[in-house]
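Structure record follows, encoded as structure tokens.
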Amino acid sequence: MASPPSAKGKASSLMAEFETASSSHRSLAKLRDLGPTAVLLLFTPVMVPSGYLNRQPQTSDADSPVDSKATTSSASRPARLTTDPFEMLGIALSKQHRRVRHVPYVPGVGFTETHDHFLEKAHAVLVVSCEPETTPGASPGADLESTLAKQAEFVGCVATELEESGRQVPMVNLSFGGDEWENQVPTYNRIWVGEKYDAESVVNVVKLVFDRRD
Numbered sequence: 011m012a013s014p015p016s017a018k019g020k021a022s023s024l025m026a027e028f029e030t031a032s033s034s035h036r037s038l039a040k041l042r043d044l045g046p047t048a049v050l051l052l053f054t055p056v057m058v059p060s061g062y063l064n065r066q067p068q069t070s071d072a073d074s075p076v077d078s079k080a081t082t083s084s085a086s087r088p089a090r091l092t093t094d095p096f097e098m099l100g101i102a103l104s105k106q107h108r109r110v111r112h113v114p115y116v117p118g119v120g121f122t123e124t125h126d127h128f129l130e131k132a133h134a135v136l137v138v139s140c141e142p143e144t145t146p147g148a149s150p151g152a153d154l155e156s157t158l159a160k161q162a163e164f165v166g167c168v169a170t171e172l173e174e175s176g177r178q179v180p181m182v183n184l185s186f187g188g189d190e191w192e193n194q195v196p197t198y199n200r201i202w203v204g205e206k207y208d209a210e211s212v213v214n215v216v217k218l219v220f221d222r223r224d
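Counting the sequence shown from 1 gives a position; my numbering is that position plus 10.
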């Protein structure tokens, strides 16, 4: 797979690259035609995505979104985040489309009745998969592959449920992390949107999803 695009003009590069992928392009095209009352469903994994912590602005202890009562070291405190890192993606999407429903999923638990309930009411679906943040110096190894595989399984369940429903609901899998995933786990309508998840990548995802080329 081609190397990741540079930060400058990344959104335009992503759109140009993935417009050549027919299935993903068709799903994006349908998603962009959503009416104002249509529900855009966003599924995101419950985890801290790789790159999120070390790319966020430095804050004081009083402003830091972590559990201040934790007795862990500063290196491990990121695991105690009290806000969902993907909340900013949901908010950014809702500024472009008012009816966004953001529903987390736990990869180890998988697709549940709650997810199915929201899926039944959705007119378009975005499913995020990502590499989790790891402790500096640690080798994720098999644990990483298992985590990615469980996320891919969730994506597959969503795709299967939509297919079996007979409804023509566009679905896209937005993938953050190493671009070698594509050869490791099966996904549906995958769009690789960068190695790291941060505020800049959120802007680029919104531009990609809603065809903002500025």
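Note that beta-carbon positions come from the ideal geometry of N, C-alpha and C, so glycine has one too.
Sequence-distant residues of its chain with Cβ nearer than 8 Å to residue i (five each side left out)
{"i": "VAL212", "result": "MET98, LEU99 and ALA102"}
{"i": "ARG42", "result": "VAL219, PHE220 and ASP221"}
{"i": "ALA132", "result": "VAL49, LEU50, LEU51, ARG111 and VAL179"}
{"i": "LEU172", "result": "LEU129, VAL135, VAL179 and MET181"}
DSSP beta-bridge partners of residue i
{"i": "PHE186", "result": "CYS140"}
{"i": "TYR115", "result": "PRO55"}
{"i": "ILE201", "result": "LEU184"}
{"i": "LEU50", "result": "VAL110 and ALA134"}
Cβ shell of residue i (< 6 Å), same chain only, five flanking positions each side left out
{"i": "VAL219", "result": "none"}
Cβ distance (whole Å) where residue i is taken to contact residue j below 8 Å
{"i": "LEU38", "j": "VAL182", "result": "6 Å"}
{"i": "VAL138", "j": "PHE128", "result": "With a Cβ gap of about 15 Å, VAL138 and PHE128 do not count as contacting."}
{"i": "GLU163", "j": "SER60", "result": "So it is not a contact: roughly 20 Å between Cβ atoms."}
{"i": "TYR115", "j": "PHE186", "result": "Wrong, their Cβ atoms sit about 15 Å apart, outside the cutoff."}
{"i": "THR170", "j": "PRO117", "result": "About 17 Å separates the two Cβ atoms, so there is no contact after all."}
Buried or exposed (CB count within 10 angstroms, at least 16 for buried), residue i
{"i": "ASP208", "result": "buried"}
{"i": "LYS160", "result": "buried"}
{"i": "VAL56", "result": "exposed"}
{"i": "GLU141", "result": "buried"}
{"i": "ARG36", "result": "exposed"}
{"i": "GLU119", "result": "In the sequence as displayed, the identity of residue 119 is Val instead of Glu. The residue is exposed, with fewer than 16 neighbouring Cβ atoms inside 10 Å."}
{"i": "SER34", "result": "buried"}
Where the alpha helix (DSSP H) through residue i begins and ends
{"i": "HIS125", "result": "123-130"}
{"i": "ALA217", "result": "Checking the sequence, you will find Lys at residue 217 rather than Ala. Residues 209-219."}
{"i": "GLY100", "result": "97-104"}
Cβ shell of residue i (< 7 Å), same chain only, five flanking positions each side left out
{"i": "VAL215", "result": "LEU99, LEU184 and VAL203"}
{"i": "ALA72", "result": "In this predicted model, ALA72 has a pLDDT of only 42, less than 50, meaning its place in the structure is not dependable; the value taken from the coordinates is given anyway. None."}
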